[in-house]
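**Student:** First residue of the sequence shown: 8, per my numbering; consecutive thereafter.
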Amino acid sequence: MCYLCYACAMNKKILAQKILDLLQTQYPDAGTMLKFSSTFELLVAVVLSAQSTDAQVNKVTTEMFKKYNTPHEFASMDIAELEELVRGVGIYKNKAKAIKGLSKVLLDRFNGEVPGKFDDLMQLPGVGRKTANVMMAVGFNQPGLGVDTHVHRVANRLGLVMAKNPDQTELSLKKIIPVDRWSKAHHLFIFHGRRVCTARKPGCGRCVVEALCQKVIK
8 MCYLCYACAM NKKILAQKIL DLLQTQYPDA GTMLKFSSTF ELLVAVVLSA
58 QSTDAQVNKV TTEMFKKYNT PHEFASMDIA ELEELVRGVG IYKNKAKAIK
108 GLSKVLLDRF NGEVPGKFDD LMQLPGVGRK TANVMMAVGF NQPGLGVDTH
158 VHRVANRLGL VMAKNPDQTE LSLKKIIPVD RWSKAHHLFI FHGRRVCTAR
208 KPGCGRCVVE ALCQKVIK
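In C-alpha cells:
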C-alpha cells in the first residue's frame with residue numbers, strides 16, 4: 008500500500024471514530040426496535056423489515072407470534088394463510104415465501120435452530136448480508152454490521168465510504184470501524200438516518216456531526 012493510500016485509510020478510521028463518538032452521545036439508547044422473544048422470532052422480524060418500518064413489523068408480529076412462532080408451524084402452514092398474516096408489511100408475498108422456505112431449511116438442516124454462523128445464515132431463503140449481519144449482532148451478540156438504506160445513505164453522505172450498493176458499503180465500513188463497534192455503528196447510523204439525515208431533506212442544521220460531514224448528497 009502506498010503512503011497516500013495508507014494515510015487516507017487512517018484518516019477514514021479516525022473520522023469514523025469521531026463520528027461514532029458524537030452519534031453515541033446523541034443516541035445513547037440506539038438499538039433494535041424490533042420485538043422478539045427468540046432468535047427465530049428475530050429472524051422472521053428482520054426478514055419482514057425489508058422495505059418496511061419497524062413499527063409496521065411489530066404490529067404484524069405482535070399478533071402473529073401469539074399464535075405461531077416456531078419453524079415447524081411456519082413450514083407446515085399454507086402459503087396463503089402466511090401471506091394473510093404478514094400482509095401488513097411491504098412485498099408480503101415474497102416475504103411469506105421466504106419465511107416458509109427458511110423454516111423448512113432450519114428443520115431439514117439445522118435441527119430447527121437458527122444457526123449462529125454467518126455463512127450458515129446466508130444459506131437460508133430470504134437472508135442476505137444485511138439480515139445475516141443483524142442476526143449475528145442482535146441475535147448472537149457477535150460482530151455484525153448490517154447495512155440497510157439508512158446506513159448506506161448516511162455512510163456515503165458523510166464521506167466515510169464511496170460505495171454503489173449496501174454490500175460494498177458494509178465491506179468498506181468494516182475496514183475503518185473497529186470490530187467491537189460494528190453492531191452499535193449499525194444502530195447509530197439508522198437512528199441518525201431516520202431522525203436527521205433523511206433521504207429527501209437532511210436536517211444539516213441540527214446534525215451533531217455536521218462539522219465532520221463531507222456532504223456527499225446523493
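Here a beta-carbon is modelled for each residue, glycine too, at the ideal position from N, C-alpha and C. The structure presented is a predicted model; accordingly, all values stated were derived computationally and were not measured.
#1: Under 8 Å, do Lys-102 and Val-134 count as touching if we go by C-beta distance?
#2: Counting C-beta neighbours from all protein chains within 10 Å, is the total for Val-186 16 or more, i.e. buried, or is it exposed?
#3: Check the C-beta distance from Ala-37 over to Phe-147 and give it rounded, since I have them as a contact under 8 Å.
#4: Using CA coordinates, which residue listed in Ser-83, Ala-192, Ala-139 and Lys-171 is at the minimum distance from Thr-32?
#5: Can you give the Cα-Cα distance for Leu-180 and Glu-120, rounded to whole angstroms?
#6: Which of the three DSSP states is assigned to Gln-24 in this structure?
#7: Can you list, in chain order, the residues of its chain whose CB lies under 6 Å from that of Gly-97, leaving out five sequence neighbours each side?
#8: Using a Cβ-Cβ cut-off of 7 Å (strictly less than) and excluding sequence neighbours within five positions of Tyr-99, which residues of its own chain qualify?
#9: When the Cα of Val-64 is compared with those of Ile-183, Ile-184, Ala-52 and Pro-78, which residue comes out closest?
#10: State buried or exposed for Gly-200, treating a residue as buried only when at least 16 other CB atoms are found within 10 Å of its CB.
#11: Pick from Leu-167, Thr-138, Val-161 and Asn-163: whose alpha carbon is nearest that of Gly-2?
#12: Would you please state the rounded distance, in angstroms, between the beta carbons of Phe-117 and Asn-76? I believe it to be under 8 Å.
#13: Is Ala-144 buried or exposed, if buried means 16 or more other CB atoms sit within 10 Å of its CB?
**Tutor:** This is what the structure holds:
#1: By one-based count along the sequence shown, residue 102 stands at place 95. By one-based count along the sequence shown, residue 134 stands at place 127. The Cβ atoms of Lys-102 and Val-134 lie no closer than 8 Å to each other.
#2: In the sequence shown, the residue the question calls residue 186 occupies position 179. Under this definition Val-186 is an exposed residue.
#3: In the sequence shown, counting from the first residue as 1, residue 37 sits at position 30. In the sequence shown, counting from the first residue as 1, residue 147 sits at position 140. Not confirmed; about 19 Å, so no contact.
#4: Locating residue 32 in the sequence shown gives position 25, counting from the first residue. With distances taken between CA atoms, Thr-32 lies nearest to Ala-192 out of Ser-83, Ala-192, Ala-139 and Lys-171.
#5: As a first step, residue 180 must be located in the sequence shown, where it is residue number 173. As a first step, residue 120 must be located in the sequence shown, where it is residue number 113. Our two residues, Leu-180 and Glu-120, have alpha carbons roughly 30 Å apart in a direct line.
#6: For the purposes of this step, residue 24 is taken as the residue at position 17 of the sequence shown. In the three-state reduction of the DSSP assignment, Gln-24 falls in the helix class.
#7: The residue given as residue 97 occupies position 90 in the sequence shown. Counting only Cβ-Cβ distances below 6 Å, and skipping sequence neighbours, we find Gln-58 and Ser-59.
#8: Counting from one through the sequence shown, the residue named residue 99 turns up at place 92. A distance below 7 Å between beta-carbons, with the five flanking residues on each side excluded, links Tyr-99 to the following residues of its chain, in chain order: Glu-90 and Val-93.
#9: Walking along the sequence shown from the start, residue 64 turns up at place 57. Out of Ile-183, Ile-184, Ala-52 and Pro-78, Ala-52 has the C-alpha closest to the C-alpha of Val-64.
#10: As a working mapping, residue 200 is identified with position 193 in the sequence shown. Classification of Gly-200: buried, given that the 10 Å Cβ count is 16 or more.
#11: In the structure as shown, the chain begins at 8 and stops at 225. Residue 2 is therefore absent and cannot be evaluated.
#12: Numbered from 1 along the sequence shown, position 110 holds the residue referred to as residue 117. Numbered from 1 along the sequence shown, position 69 holds the residue referred to as residue 76. With 8 Å as the limit, Phe-117 and Asn-76 do not qualify as a contact, their Cβ atoms being about 17 Å apart.
#13: Along the sequence shown, read from residue 1 onward, the residue named residue 144 stands at position 137. Looking at its Cβ environment, which holds 16 or more other Cβ atoms inside 10 Å, Ala-144 is buried.
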